[in-house]
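Take a look at the structure set out below.
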Amino acid sequence: MDSYVVEPQSLFIPYLSDVLAGAELRVVRVAPTLDVDDIRASRPEALFVDTDFLDVDPADAVSAMRAALPRAFICAYTDRQGARADRLRFAGANCVLSKRSGPGEITDALLAARKRGSFTDPRCD
């Protein structure tokens, strides 16, 4: 599945690419910021977004991505907890993952979310 990653810290891109590959998500595009027009033009099947560094409200960002690509698999990667996870799911995220997840946990969660349609890391609730 072709994937688009929004991650401002380029240091993590090789790590994320390897981990996502384990979940059958092939990174074809990486951007340091959210660019909905570029996402729409790239037409990825999946989006993996570090929501902690966005310039806009994360739920608004997920909602914009969902509107741009209604059938895409969207994973919000965050270090925050509570109501924010609910807002991200409500906005259209299929998967909400904690940054405290190890590589195997990320892979397992992404595979589970793709199989079941959704997954929320309990550390985010």
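Residue numbers for the sequence shown follow our numbering, beginning at 3 and rising by one. Note that the Cβ used here is the ideal one computed from N, Cα and C, for glycine as well.
N-terminal and C-terminal residue of the beta strand (DSSP E) that Asp33 is part of:
The question names Asp, yet the displayed sequence has Ala at residue 33. Arg28 to Ala33 is the span of the beta strand (DSSP E), which, as asked, contains Ala33.
Distance check for Leu36 and Phe92, CA to CA, integer angstroms please.
19 Å
Where in the segment 31-104 do unbroken runs of the beta strand (DSSP E), each at least 3 residues long, occur, reported from the N-terminal end onward?
48-52, 75-80 and 97-100
Got a sec, what are the start and stop residues for the alpha helix (DSSP H) Ser5 sits in?
Unbroken run through Ser5 is the beta strand (DSSP E), Asp4 to Val8; no alpha helix (DSSP H).
Could you give the residue range of the alpha helix (DSSP H) that holds Ala23?
Ile15 to Gly24
Can you tell me whether Tyr17 is buried or exposed? The criterion is at least 16 other CB atoms within 10 Å of its CB, across all chains shown.
exposed
On the premise that Asp123 lies in contact with Ala111, defined as a C-beta separation below 8 Å, what is that separation, rounded to the nearest angstrom?
6 Å
Residue environment, Arg86, which counts as buried when at least 16 other CB atoms sit within 10 Å:
buried
Hey, how far is the Cα of Asp40 from the Cα of Asp4?
14 Å
Between Ala95, Ala48 and Ala63, which lies nearest to Leu27 when the distance is taken from Cα to Cα?
Ala48
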